[in-house]
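Its first residue numbered 1, the sequence shown is counted upward by one per residue in our numbering.
For reference, the structure discussed in these notes is given below.
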Amino acid sequence: MQNAMPNAIPRFLADHTALDLLNTVEMIDGKQCDLWHTSDDVKLWLSKVGLLLDAKKMDIQDSLLDEARTLRETVRELVASKKAGRPLTISKLNDYLAQSCSYPALKISEGGVLSTARIYQPQTAGQLLGPLAEQAADLLANVDFGLVRECENHECCLWFYDKTKSHRRRWCSMAVCGNRHKVAKFRQNQKDAE
């Protein structure tokens, strides 16, 4: 079971919202820790990734945390299965997608340019998570999975989508795990030189 980690702030470094969803569980002091421990944590996260709509009118406090965690683990299983080349069981994700309530609308910019936008009007926790489920479906169906990777640091469980030009990214973050690797390698080289 994952420990809840109060006051921990998720990092947005995966370069895909569905992978940032998976990264709301991190390794902290050698243990997997859930960075969401209340429905407000989920709302804050959804807001930071640009997927929080007008949830103030909805009474979803009781179910949002559980629904979001269930969606996250569903996506985690699908990503792991696809990376391992195993058959995908997509029915749970499709259940979330079926709950999504949206419609297309025309918008006019200040410059008078027309565009379309998808408008969501969620009434339940499942509906509020609909755009996130759509991001997960996009990841699974439209992204080159050879570029979806888990950080190479064995003490890290974060995922990322490698959008670098050379496609040789190895770490969730060069500033965190990449730097730790460099320091460990430097220390080992110093030790070997003695």
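C-beta: ideal position from N, C-alpha, C; glycine also.
Beta carbon of residue i nearer than 8 Å to that of residue j
{"i": "LEU93", "j": "VAL75", "result": "yes"}
{"i": "VAL176", "j": "LYS83", "result": "no"}
{"i": "SER81", "j": "LEU88", "result": "yes"}
{"i": "LEU132", "j": "THR17", "result": "yes"}
{"i": "LEU22", "j": "SER39", "result": "no"}
{"i": "PRO10", "j": "LEU35", "result": "yes"}
{"i": "GLU152", "j": "ARG168", "result": "no"}
{"i": "GLU194", "j": "GLY126", "result": "no"}
As assigned by DSSP and simplified to three states, the class of residue i
{"i": "VAL240", "result": "Summary: the structure shown does not reach residue 240, with the chain confined to residues 1 through 194, and so no result is reported for it."}
{"i": "GLY26", "result": "For clarity, residue 26 is Glu in the given sequence; the question names Gly instead. Correct three-state label for GLU26: strand."}
{"i": "THR17", "result": "helix"}
{"i": "PHE186", "result": "Residue placement at PHE186 is flagged as unreliable, the pLDDT there being 47, under the threshold of 50; the coordinate-derived value follows with that caveat. Reduced to three states, the DSSP call for PHE186 is helix."}
{"i": "LYS83", "result": "helix"}
{"i": "GLU155", "result": "coil"}
{"i": "LYS165", "result": "coil"}
{"i": "VAL230", "result": "In the structure displayed, the chain extends from 1 to 194; residue 230 sits before or after that span and is not available."}
{"i": "PHE160", "result": "strand"}
{"i": "ARG11", "result": "coil"}
{"i": "ARG149", "result": "strand"}
{"i": "GLN123", "result": "coil"}
{"i": "LEU71", "result": "helix"}
{"i": "LEU78", "result": "helix"}
{"i": "HIS181", "result": "In this prediction, HIS181 scores a pLDDT of 49, lower than 50, which makes its location untrustworthy; no coordinate-derived value is stated."}
{"i": "HIS37", "result": "coil"}
{"i": "VAL176", "result": "helix"}
{"i": "LEU88", "result": "coil"}
First and last residue of the uninterrupted beta strand (DSSP E) at residue i
{"i": "GLN32", "result": "31-34"}
{"i": "GLU134", "result": "Where GLU134 is concerned, there is no enclosing beta strand (DSSP E), although the alpha helix (DSSP H) it sits in stretches over 130-142."}
{"i": "LEU106", "result": "102-108"}
{"i": "THR116", "result": "114-120"}
{"i": "GLU194", "result": "That residue, GLU194, is in no beta strand (DSSP E); it is neither H nor E in DSSP."}
Rounded Cβ spacing between residue i and residue j (contact assumed at less than 8 Å)
{"i": "ASP20", "j": "LYS163", "result": "Going by Cβ atoms, the distance from ASP20 to LYS163 rounds to 13 Å, so no, they are not a contact pair."}
{"i": "GLU26", "j": "LEU139", "result": "About 19 Å separates the two Cβ atoms, so there is no contact after all."}
{"i": "TRP104", "j": "ARG118", "result": "It should be pointed out that residue 104 corresponds to Pro in this sequence rather than to Trp. Indeed they touch by this definition, with Cβ atoms about 6 Å apart."}
Residue i Cβ short of 7 Å to the ligand FAD heavy atom set
{"i": "ASP20", "result": "As for the ligand FAD, it is missing from this structure, which has no ligand bound."}
Host alpha helix (DSSP H) of residue i (start-end)
{"i": "LEU93", "result": "91-99"}
So, do the region 34-44 and the region 89-103 have three or more beta carbon pairs nearer to each other than 8 Å?
-> no
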